[in-house]
Every structure is written in C-alpha cells, then in structure tokens.
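Novice:
Numbering (this note's numbering), first residue to last: 23 to 277.
#1: Taking the alpha helix (DSSP H) that residue 181 belongs to, which residues open and close that run?
#2: Just how far apart, CA to CA, sit residue 127 and residue 113?
#3: Hey, how far is the Cα of residue 46 from the Cα of residue 222?
#4: Just grab the DSSP bridge partners of residue 209 for me.
#5: Roughly how far, in whole angstroms, is the beta-carbon of residue 28 from the beta-carbon of residue 52, given that I think they are within contact range, below 8 angstroms?
#6: In chain order, which continuous runs of the beta strand (DSSP E) of length 3 or greater are located wholly inside the region 42-113?
#7: Starting from residue 250 and walking both ways along the beta strand (DSSP E), at which residues does that stretch end?
#8: Suppose the cutoff is 8 angstroms on Cβ atoms and the five residues either side in sequence are ignored; what does the same chain contact list for residue 213 look like?
#9: Measure the CB-CB distance between residue 187 and residue 70 and report whether it falls below 8 angstroms.
#10: Does residue 270 pass the burial test, meaning 16 or more other C-beta atoms within 10 Å, or should it be called exposed?
#11: Give me the Cβ distance between residue 85 and residue 160, rounded to the nearest whole Å; I'm assuming they're in contact under 8 angstroms.
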C-alpha cells in the first residue's frame, strides 16, 4: 500500500524545509501533518511546595524523560536552589542523559543511564547505590511511573520520594483531527497512545500503519491493541526517520 498521508503526533517544527520531514515529503511524495496529542504543563512552584519536598535532602535524582529534566530544573531555578556538585542523576536512556547538558555541565556530574532504555536496566543502576543514596523521582501527577516504582519497591533498602512537578493534559482531538484520513500515524510517547484512545474510544486501526519511537511507546501501543509495523531504535534503524525511510522505500518509490 502506498503511503499518502502521515500524521506525526507532535508540534510542527519551526522551519519545516530544513528538517527530515521535508526530505520524506520530497523523496516519497507523502503529505505530512502535525498535531500534538498531549501537552505538558508545569505545576506552579507554590503548588509543588505544598508537597513539602526539599530537593536538597536528596543525593540522587531518577530522571525518566526530557519532561522530567525540564521541570526539575525549572523548580530548582524558581526555588533559587544551588545543586551540589555531588548530586547524582540516573536516567532512563542515553538520550535523556545527554539532554541534561541543556542545564548542567555533563562532565562535572555523576550521570548514570540505562544503555538499553529499559526500566529494568535503570532500576539495576539505581540498586547499586541503594545503601548510600536517597532518591528523588520528578514525575507527572498521573500514575505513568507505576512500572518503575513497582520495580524499585521490589528491591530492599531503596529510599525514594515522588516529586510531582508537571501534569499531562489531553486535548479532545475528535473535532479537529480526522484520524481515519491517515495511512500512517507516528507516536513518540505512551501519552500519545493514551490520548488517541481517549479522543477516539471506538478507534479501529484497520489498514493504518503505526510507527513508534522508543521501547516504552512500543509497549504502550501493543498493550493498547495496536499493530506496530515500524519502530526505532533498532540496530539497522537507530532513529525513527531512518525506520520510516526504510519502510517508504518499499512502499513509495523514491523520486
């Protein structure tokens, strides 16, 4: 089946012509639309302070995604806190660890991460410091970290505290997105899967191709009953754009 229309579940880039999206449109004759399936809103500092969490009481931070990075450092800045150089960061994957460079000097920090991007590998790293560190977990107000926290709870002597710093807001897409018009939908977060079924409770995949970026998204999509044909990272296609191009080479002849 030739792919004609693709929906990316994220905001459109500022300069579309200089992005990989433009390359896909030019090479394979596809039309690409963008729609952010969810929004992330930071909790106001006063609301966070109601939790009585003192960031400086913790020697290590468990970071699960870029949103957690952004809002952890936002709260730090708004609280006028100076983080000690000894503070450790445990990240869910290499990309999240690298993202820390936006806020801190990477080489001066003790930063650990799960090489394969799995929750199991992250908890394994955390467990090595169970006897010496007190962990803080920046998180949203929902229960999206249940799998992580259950694994942590299964290991003795790990002391951690959840710190709710942001929330996920789902728009009603039913009036603004004609979801069945697309031959392919690309998802970048488990929240995207949740939003899809929240806006379209009776959604049927039929012949729509789903592509996902990240193992957590793949798991969420499959648990939601979606058949995922394209996903990254994999050894031959480490990025979602490489995976999409490989697929389109077989369905849409390169121009």
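Glycine residues also receive a C-beta, built at the ideal position from the N, C-alpha and C atoms.
Specialist: To lay it out plainly:
#1: Counting along the chain, residue 181 falls outside any alpha helix (DSSP H), though it belongs to the beta strand (DSSP E) covering 181-191.
#2: 15 angstroms
#3: 28 angstroms
#4: Here residue 209 is bridged, per DSSP, to 234.
#5: 5 angstroms
#6: 53-56, 61-64, 82-85, 110-113
#7: 250-254
#8: 59, 60, 166, 190, 192
#9: The Cβ atoms of residue 187 and residue 70 lie closer than 8 angstroms to each other.
#10: Counting C-beta atoms within 10 angstroms of its own C-beta, residue 270 has 16 or more neighbours from the protein chains shown and is therefore classed as buried.
#11: 7 angstroms
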